[in-house]
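*Asks:* The structure that follows is given in the form of structure tokens.
Numbering (my numbering), first residue to last: 362 to 626.
This is the structure:
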């Protein structure tokens with residue numbers, strides 16, 4: 362089988378370092394991220410005109426997938442890694458469908474495709490960094506390609522969306538008083554765009570809690586990242602890593618999740 366090797370042109374810097382809690386589709390949560398381009402693809406000349414577009418297509422790589430190790434040859438390895446069928450969470454995690462009839466992360470190419478919103482083009486030390494929102498990617502995701510989203514050809518409102526005809530239903534999320542106090546104590550107030558450096562920009566995306574992070578945390582939990590088979594459980598604690606804090610939440614009654622603790626890792 363012929364293979365094609367594509368260069369990695371950049372890496373996403375995101376508040377989410379683990380798969381648990383990440384949106385299952387793009388643009389469900391306006392989570393902020395920064396694509397840090399790598400040389401020679403970080404040249405400002407390569408991005409002339411990109412700010413005229415509101416959204417971008419990202420081609421990227423699933424880099425946290427577990428790969429079974431074998432002592433056999435590479436072709437046998439690839440055959441063993443291929444999953445012909447998957448169990449989409451949207452169908453309750455029990456019904457099987459073909460991998461090519463899904464948007465599962467376990468794909469032969471390990472490539473993902475997402476539309477994201479372009480918030481700002483930063484040029485820091487003559488290197489391009491793209492601030493985006495709405496990504497369903499996690500921190501460190503390799504970016505393979507970037508293309509403008511063109512609404513007249515890319516948006517097909519009459520398309521049939523199969524078993525996922527509409528966005529998933531959101532759950533109610535409440536914040537316990539103690540969690541609110543903990544969050545307020547961790548907010549960083551040092552951001553200053555006039556003196557922005559690479560370290561400051563990435564710090565705000567990956568490490569420093571900002572005031573606007575609490576609504577993002579709530580929106581992520583409202584998507585219900587729990588496994589489908591545990592969504593009826595009351596009082597079971599789940600923990601999501603966001604930036605440098607662990608956010609613990611549980612279902613207090615059917616349809617309502619509550620954030621009860623936010624603590625620094």
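The beta carbon of each residue, even a glycine, is placed where N, CA and C say it ideally should be. These numbers come from a predicted model, not from an experiment.
Counting C-beta neighbours from all protein chains within 10 Å, is the total for residue 456 16 or more, i.e. buried, or is it exposed?
*Replies:* Your numbering for residue 456 matches position 95 in the chain shown. That one is exposed.
*Asks:* Hey, how far is the Cα of residue 539 from the Cα of residue 504?
*Replies:* Within the chain shown, numbered from 1, the residue matching residue 539 stands at position 178. Within the chain shown, numbered from 1, the residue matching residue 504 stands at position 143. About 38 Å.
*Asks:* In chain order, what residues of the same chain have a beta carbon less than 6 Å from the beta carbon of residue 405, not counting five sequence neighbours either side?
*Replies:* The residue labelled residue 405 in the question sits at position 44 within the chain shown. Counting only Cβ-Cβ distances below 6 Å, and skipping sequence neighbours, we find 484 and 489.
*Asks:* For residue 450, which residues in the same chain have their Cβ closer than 6 Å to its Cβ, ignoring the five residues on either side in sequence?
*Replies:* Taking the first residue of the chain shown as position 1, residue 450 is located at position 89. Within the same chain, residue 450 has close Cβ partners 589.
*Asks:* Which word fits residue 513, buried or exposed, when buried means at least 16 other C-beta atoms lie within 10 angstroms of its C-beta?
*Replies:* Counting from one through the chain shown, the residue named residue 513 turns up at place 152. The residue in question, residue 513, is exposed, as its Cβ has fewer than 16 Cβ neighbours within 10 Å.
*Asks:* Could you check how far apart the C-beta atoms of residue 390 and residue 581 are, in whole angstroms? I think they sit under 8 Å.
*Replies:* Taking the chain shown and counting its residues from 1, one reaches residue 390 at position 29. Taking the chain shown and counting its residues from 1, one reaches residue 581 at position 220. The Cβ separation is near 5 Å, so the contact holds.
*Asks:* Bridge partners of residue 610, per DSSP?
*Replies:* As a position in the chain shown, residue 610 is number 249, starting the count at 1. Partner(s): 599 and 620.
*Asks:* Any idea what DSSP makes of residue 542, helix, strand or coil?
*Replies:* Within the chain shown, residue 542 is the residue found at index 181, counting from 1. The answer is helix: DSSP assigns residue 542 an H, G or I state.
*Asks:* Report buried or exposed for residue 598, applying the criterion of at least 16 other Cβ atoms within 10 angstroms of its Cβ.
*Replies:* Working through the chain shown from its first residue, we reach residue 598 at position 237. Exposed, since its Cβ has fewer than 16 Cβ neighbours within 10 Å.
*Asks:* Contact defined as beta carbons within less than 8 Å: I believe residue 496 pairs with residue 475. What is the distance between those atoms, to the nearest angstrom?
*Replies:* For this step, residue 496 is matched to residue 135 along the chain shown. For this step, residue 475 is matched to residue 114 along the chain shown. About 6 Å; that satisfies the 8 Å criterion.
*Asks:* In three-state terms, what does DSSP make of residue 536?
*Replies:* The sequence position of residue 536 within the chain shown is 175, counting from 1. Three-state result, residue 536: strand.
*Asks:* With DSSP collapsed to three states, give me the class of residue 625.
*Replies:* What you label residue 625 is simply residue 264 of the chain shown in a count that begins at 1. Three-state DSSP puts residue 625 in a strand.
*Asks:* Please state whether DSSP places residue 386 in a helix, a strand or coil.
*Replies:* Position 25 of the chain shown, counted from the first residue, corresponds to residue 386. Here residue 386 sits in coil by DSSP.
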